[in-house]
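Just so you know, we're using full-length UniProt numbering here: the sequence shown kicks off at 1 and counts up by one.
Cβ coordinates follow ideal geometry from the N, Cα and C atoms, glycine included.
From a predicted model like this one, the values you see are computed outputs, not experimental measurements.
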Amino acid sequence: MPSAIVLHRAGPPENLKFEPVAVGAPLPGEIRLRHTAVGVNFHDTYVRSGLYQTLALPGVPGIEGVGIITELGSNVKHLNVGDRVAYMYRGYGAYSEERVLPAEVAVPVPAGIDDEVVAAIFLKGLTTWVLVHEVYAVKPADWVLVHAAAGGVGSLLCQWASHLGARVIGTVGAEHKMELARRYGCSHVIQYRQEDFVTRVKEITGDEGVQVAYDAVGKDTFMGSLACLAPCGHLANFGQASGPVPPFEVSALFTKSNSLSRPSVFQHLRTAEKLHAAAAALFKGLNDGVLYPGHIATFGLADAAQAHRELESRSRQGSVVLKI
Ligand SMILES: NC(=O)c1ccc[n+]([C@@H]2O[C@H](COP(=O)([O-])OP(=O)(O)OC[C@H]3O[C@@H](n4cnc5c(N)ncnc54)[C@H](OP(=O)(O)O)[C@@H]3O)[C@@H](O)[C@H]2O)c1
């Protein structure tokens, strides 16, 4: 019997238990997958802690993975047994050796990219594509602010936005991340635990402000990000690593005619057409060397609790992956 990480009760990382689980045959429209690598995301820590109560317990967490198809449901024609595929899926279940999954979410992975790299950047890279193309279309010479610029999504955002010709200002929480953020394409890096990032952004942009601020830090940075916006600038609040953003007055957007979004990658890529277009752009970016996956911290599936501790510690950089 294959094993998986099962969460019986929301709480600390040690609540993630490695146990045998039954995996059935795929129904029509489904595939059975043997995972080779699974991406660990902040979303998983919210589910584990109970901040998001979106996984029915007991349940297997995890929203993205890479693996080999071992069985096809009766009417699945566009995939084959033996195909290597990646997916992101809101139905959870990724922290497992084997699983059954809707075939429509599986995207074939081109040869030449390691499973570990795909698991590190698939959901984060698709999120980045959505942020720089759909939520706000980044243009050459735009000023772009990216918080947690040495993190998983942050490092990809800096690279993609600077590739599109933007001038990227990154914030990081520690000295050792500053050089990394520069390597990811930031023209300016602010250590936002030591410096007031709003003042620095105003100095850097000559009081103009930024056309877009990408903020997944949430509670600690939200109001500051708003203050950094240029007239008609956009704030994309796509996460809450420091905690949920408290309620705020919508009229605060009026003075500079700013706009605000709270995007979800799953909603933006809910059609197969969009998902495949974004994935193709992501794999091309990797192949062309536009995107570098950065440091990947790997753990065994049974060590998912340790992987969560790593992800939640602010000292780290890059992505966290479970190797299977
Ligand atoms: N909306 C979507 O569809 C979507 C999709 C994917 C990810 N996300 C969000 O994107 C964010 C980044 O995800 P990721 O997996 O790439 O993580 P990550 O950026 O690698 O890690 C989060 C970073 O946030 C910063 N941070 C600031 N305050 C923190 C605090 N109190 N505790 C922990 N970290 C803090 C830290 O960087 P510094 O030390 O440099 O500040 C930390 O490294 C998450 O909020 C996630 O939920 C959203």
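Practice item. Please look up how many angstroms separate the CB atoms of K323 and E116, rounded, as I've assumed it's under 8 Å. Key: Here K323 really is in contact with E116; their C-beta atoms are around 6 Å apart, less than 8 Å.
Review point. Based on Cα-Cα distance, which residue from P108, T255, E97 and N287 lies nearest to V23?
Key: Nearest neighbour of V23 by Cα position, chosen from P108, T255, E97 and N287, turns out to be E97.
Review point. Just to check, is the beta-carbon of R220 closer than 8 Å to a non-hydrogen atom of ligand 1?
Key: Contrary to the premise, residue 220 reads as Asp rather than Arg in this sequence. The nearest non-hydrogen atom of ligand 1 is less than 8 Å from the C-beta of D220.
Exercise for review: Confirm the yes/no value for this check: CB of R182, any heavy atom of ligand 1, distance under 8 Å.
Suggested key: No - ligand 1 has no heavy atom lying nearer than 8 Å to the Cβ of R182.
Review point. Taking DSSP as the reference, what is the three-state secondary structure of T128?
Key: Assignment of T128 by DSSP, reduced to helix, strand and coil, places it in the helix class.
**Study point:** Option in L253, D220 and S257 with minimal Cα separation from C232
**Key:** Of L253, D220 and S257, the residue nearest in Cα terms is S257.
Check your understanding: Is the Cβ-Cβ distance between residue 390 and A174 less than 9 Å?
Key -> The requested residue 390 is not part of the displayed model; the chain covers only 1 to 324.
Exercise for review: Within 10 angstroms of the Cβ of L16, are there 16 or more other Cβ atoms? Answer buried if so, exposed if not.
Suggested key: Around the beta-carbon of L16, 16 or more other beta-carbon atoms lie within 10 Å, marking it buried.
Check your understanding: From R167 to Q211, what does the alpha carbon distance come to, in whole angstroms?
Key -> About 10 Å.
Practice item. May I ask whether a heavy atom of ligand 1 can be found less than 8 Å away from the beta carbon of L311? Key: Yes, the beta carbon of L311 sits closer than 8 Å to at least one heavy atom of ligand 1.
Check your understanding: Between P263 and ligand 1, is the CB less than 8 Å from at least one heavy atom?
Key -> Distances between the C-beta of P263 and the heavy atoms of ligand 1 include at least one below 8 Å.
**Study point:** Distance cut-off 8 Å: T171 Cβ against heavy atoms of ligand 3
**Key:** Ligand 3 is absent from the structure shown, which contains only ligand 1.
Point to revise | Outcome for Y214 when other beta-carbon atoms lying within 10 angstroms are tallied against a minimum of 16 | key: By the neighbour-count rule (16 or more Cβ atoms within 10 Å), Y214 is buried.
**Study point:** CB of T171 within 9 Å of CB of Y184, strictly
**Key:** Here T171 is not near Y184, since their CB atoms are 9 Å or more apart.
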